[in-house]
Every structure is written in structure tokens, then in C-alpha cells.
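Working notes, beginning with the structure itself.
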Amino acid sequence: MLDVAVIEEPAAAEASLDPIRSRILAALAEPGSAAMLAVRLGLPRQKVNYHLKELERHGLVELAEERRKGNVTERVYRATAVSYVISPSALAAVSPDPSRAPDQLSARWLLALGARLVQEVGMLLTGAARVKQRVASFGIDAEVRFASAADRTAFAEELAQAVAGLVGRYHDESAPGGRRNRVVVGIHQIPAPHPGTPDVPGAPGSPVASAGPPQEAGVTPWHGPEAGQEGRP
243 MLDVAVIEEP AAAEASLDPI RSRILAALAE PGSAAMLAVR LGLPRQKVNY
293 HLKELERHGL VELAEERRKG NVTERVYRAT AVSYVISPSA LAAVSPDPSR
343 APDQLSARWL LALGARLVQE VGMLLTGAAR VKQRVASFGI DAEVRFASAA
393 DRTAFAEELA QAVAGLVGRY HDESAPGGRR NRVVVGIHQI PAPHPGTPDV
443 PGAPGSPVAS AGPPQEAGVT PWHGPEAGQE GRP
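Here the working numbering is used: the first residue of the sequence shown is 243, the next is one more, and so on.
Encoded structure:
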């Protein structure tokens, strides 16, 4: 079972978004038959069986084993992945295009970059799976708490300079057999937990991280001359 699978086909995306089917996918982190799932989810076995067939048709679940019970063969399924991500390619006609309006200070452009990342890495994973190879990639995930908007801006400027310097040092347009790689770096606030979510110490919106009243949409604006400007890093 994969840790994460990327859904690229529109029909498969539609199948995964059905509330009952998403519950079945979650339940199949542990293999089970239609009868077992019916008990786990409190649904009629016939309905579960129908949805299982649709999920199998789109490659979201697979047959784990068949068990003979008297005159009946029980089919045991499992999800093909622990979790799923829907690629923007599933909405090809309206998928984000970062080249349309590049703007380093726009949260929407950052979102478009993230969408392209999901799409491109998903394509690589799909192709690598066919030939049973791994995808060469590298990722960094870090959290930083800034004391002020000025510090955040200075951090972004230094980060941009560092990345530009590294790209300039290692980029070789004429290298024989060279492979193009994409580098994506972004900074964004971490949304506060949704109502009902247990507080996480240090998380934005938690008692440790903020002393003021909760903000709409989990975003805490900076209190200063730059507050309220969407483009500020």
C-alpha cells in the first residue's frame, strides 16, 4: 500500500469524492470484505459491494485475497494507498497556471505553484510506478515564528537571494544529458485549528501562539503598516 497516491483521472476523482466511497477508502486502510465493511460502517452489504466495485474500477482499491467459505468465495479488498491527492490534471481545462500571472507576493500565485507541484510530481510517480523506479526528489518542511512583519520580509528577501545564488551556481543550460529540475519555495501562515480541533501547543490560533481574539479563516494579521496587504510575505 502506498503512503500517498495521486488521482489524475476525472472519473476517479469523482468516485473518491463520494462521501460513502471516501468512508470505504478510509476503512480499507485495514483489508476487509464487503460484509466486514458493512458492519464497520453500518451500511447495507449490497450498497457497500456496489461502491467497492466502482472504487476497484478506478484503481482506488484492489483485491488483497480471496477466501473460500463453504460454497461462497469472500473477496477481501484493501485501499491502494493510505491517503489520496487529487491532481489539478483532473480539472485540466481550469487547472491553475502559474505562468499566467507570476507574482511572488500573491498567496493565489503560491497556491498555483502548489497545484503545479502536485500535478508534475503526480505525473512522475505514475510514470515511475509503471517501470518500477523511484522518483528523484527532495523536500524541506520547516516552521518559523517571526517577531514582526519586518522580520518576515527580511527572511523572504534573504531566502530569495540564497535560492537565486544556488540556482546561478549549479544551473548549466548546455550540460549534455542534463535534466531540468524545478525548485519551489514558499512562505505562508499556518492556519489555526478548525473549531473542535484540540489545541496544538505553538500552533497559530492556540493559546500559546496568540494572545488576542481568534481571527476569521484562521489567519492572524500582522499589526503594523503592512497588515492587511495580501501580497506581503
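Glycine residues also receive a C-beta, built at the ideal position from the N, C-alpha and C atoms.
These numbers were taken from a predicted model, which means no experiment stands behind them.
Let me check one thing: in DSSP terms, what residues is residue i bridge-paired to?
i    : result
Y319 : G274 and L305
V314 : K311
Put residue i into one of helix, strand or coil per three-state DSSP.
i    : result
K295 : helix
R265 : helix
A253 : helix
L353 : helix
V248 : strand
K289 : helix
V327 : strand
Q346 : coil
M243 : coil
A389 : coil
A378 : coil
E415 : coil
V409 : helix
G369 : helix
V427 : coil
S337 : coil
A280 : helix
R421 : coil
A434 : coil
A384 : coil
Can you give the beta carbon distance from residue i to residue j, rounded, assuming they're within the 8 Å contact cut?
i    : j    : result
E308 : T322 : E308 to T322, Cβ: 18 Å. No contact.
A269 : L259 : Not quite, the Cβ-Cβ distance comes to about 16 Å (not below 8 Å), so this is no contact.
A332 : E415 : Actually they are not in contact, since the Cβ atoms of A332 and E415 sit about 33 Å apart, beyond 8 Å.
L401 : V427 : 6 Å
V327 : V425 : Not really, about 20 Å apart at Cβ, beyond 8 Å.
P330 : P338 : 6 Å
H293 : I266 : 6 Å
L297 : A257 : 6 Å
V363 : S379 : 7 Å
Considering only residues of the same chain and omitting the five flanking positions on each side of residue i, which have a CB-CB separation below 6 Å?
i    : result
R320 : L270, P273 and A306
G369 : none
N291 : A276
L355 : P340 and V426
Counting only the same chain and skipping the five closest in sequence on each side, list residues whose C-beta sits under 8 Å from that of residue i.
i    : result
V373 : none
R376 : A370
H430 : A349 and L352
V246 : A323, V324, S325, Y326 and V327
P286 : A280
G312 : none
Just to confirm, does residue i get its C-beta within under 7 Å of one of the non-hydrogen atoms of the ligand MG?
i    : result
G284 : Absent from the structure shown: the ligand MG. Ligands present: none.
Apart from the five residues just before and just after residue i, which ones in its own chain have a Cβ nearer than 7 Å to its Cβ?
i    : result
A392 : none
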